[in-house]
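Asker: Can you read through this structure? Questions will come right after.
Number of protein chains: 2
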Amino acid sequence: MATAIAGNTDRAARWFHALSDPTRLGIVIRLTNGERCVCELTDALDAAQSRLSFHLKVLKDAGLITDRREGRWVHYSLNREAIDEAGQFLASLKPRRRLKVECCG
Amino acid sequence: MATAIAGNTDRAARWFHALSDPTRLGIVIRLTNGERCVCELTDALDAAQSRLSFHLKVLKDAGLITDRREGRWVHYSLNREAIDEAGQFLASLKPRRRLKVECCG
DNA sequence: ATGATATATCAAATTTTGTTGATGTGTCAA
DNA sequence: TTGACACATCAACAAAATTTGATATATCAT
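Each protein sequence line maps, in turn, to chains A and B.
Mapping of the first sequence onto the working numbering: residues 570 to 674, in sequence order.
Mapping of the second sequence onto the working numbering: residues 570 to 674, in sequence order.
Here you go:
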């Protein structure tokens, strides 16, 4: 439920950290329409190979993407569930009760 | 439109960076039901004052929260629009066309 | 087997973030 | 107008993330 989602701050922080870099967002965006191999991403993002590999690992460790080896190529895809959960976390930040709190009286 | 949202990676990266820390998420969660003054947040989060102030600034610089001074107190509130936009960014990561791309032939 | 290709990993250097304690600023009360 | 309070900012340091270039690993073609 919503409260539980919002309570899991460490997990959410990890998702958002993984999404906090333009290169990684570029990767994620390019995975939107389906699996892509690293070679395609390297071209599209114009990033050095080890650098791209690093960012892919960050995303993978955060559970936002998964990989699949096929021959000598590795294909990455989005983990929709995780993306959705991150979205739900944000959605859980809607006001639930409107408190007019007077503090610091 | 969706593409434009997903295209604005730098802006999105800034939102997600601001959300990438448990203390900051703690702040955001506590602002969910309305404005809070720094004093309340300090208590609730058990954080040193300058530390809290630092994190509030990160959130504010990212446009996720706003502040309002009232006497000697400063009250912070969520910027719903920005939170929503971040959510929309994630929502924009839904598959639009299903391409069965054969690469690396 | 040998070499080439695709990708991962590693170590070192660099950059960015976060923490802490001290000090500054604005506001209020006496 | 002095002192206390709430908060921001700063400087120094610590810790974490990122980049780069080199090397390792797996797979494939010859």
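Glycine included, C-beta positions come from ideal geometry on N, C-alpha and C.
If you're wondering where the values come from, they're calculated on a predicted model, not measured in any experiment.
Are the CB atoms of L662/A and T675/B within a distance shorter than 8 Å?
Answerer: This structure cannot settle anything about residue 675/B, because the visible part of chain B is limited to 570 through 674.
Asker: Quick one: which chain A residues come within Cβ less than 7 Å of A651/B?
Answerer: In the second sequence, counting from the first residue as 1, residue 651/B sits at position 82. Within chain A, no residue comes near A651/B; the closest Cβ sits about 10 Å away, beyond 7 Å.
Asker: Can you check DSSP and say which residues form a bridge with T635/A?
Answerer: Residue 635/A sits at position 66 when you count from the first residue of the first sequence. The partner list for T635/A (beta bridge, DSSP) reads S646/A.
Asker: Please state if the CB of N648/B and the CB of L633/B are separated by a distance shorter than 8 Å.
Answerer: Locating residue 633/B in the second sequence gives position 64, where the first residue counts as 1. Locating residue 648/B in the second sequence gives position 79, where the first residue counts as 1. Contact: yes.
Asker: Does the CB of F585/A have a neighbour CB from chain B at under 8 Å?
Answerer: In the first sequence, residue 585/A corresponds to position 16, counting from 1. With 8 Å as the cut-off, F585/A counts as an interface residue toward chain B.
Asker: Excluding the 5 residues flanking W642/A on each side, which residues of the same chain have their C-beta closer than 6 Å to its C-beta?
Answerer: Counting from one through the first sequence, the residue named residue 642/A turns up at place 73. Contacts found: C606.
Asker: Based on DSSP bridge pairs, tell me the residues matched to R605/B.
Answerer: As a first step, residue 605/B is located in the second sequence; it is residue number 36 there, counting from the start. BP columns for R605/B point to Y645/B.
Asker: Under 8 Å between the Cβ atoms of F623/B and S589/A?
Answerer: As a working mapping, residue 623/B is identified with position 54 in the second sequence. As a working mapping, residue 589/A is identified with position 20 in the first sequence. No. Outside cutoff.
Asker: CA-CA distance, E639/A and P664/B?
Answerer: Reading the first sequence from its first residue, position 70 is the one you call residue 639/A. Reading the second sequence from its first residue, position 95 is the one you call residue 664/B. Distance between the alpha carbons of E639/A and P664/B: 22 Å.
Asker: Can you find a CB in chain B that lies within less than 8 Å of the CB of N648/A?
Answerer: Counted from its first residue, the first sequence places residue 648/A at position 79. Not closer than 8 Å to any Cβ of chain B, the Cβ of N648/A fails to qualify, so no.
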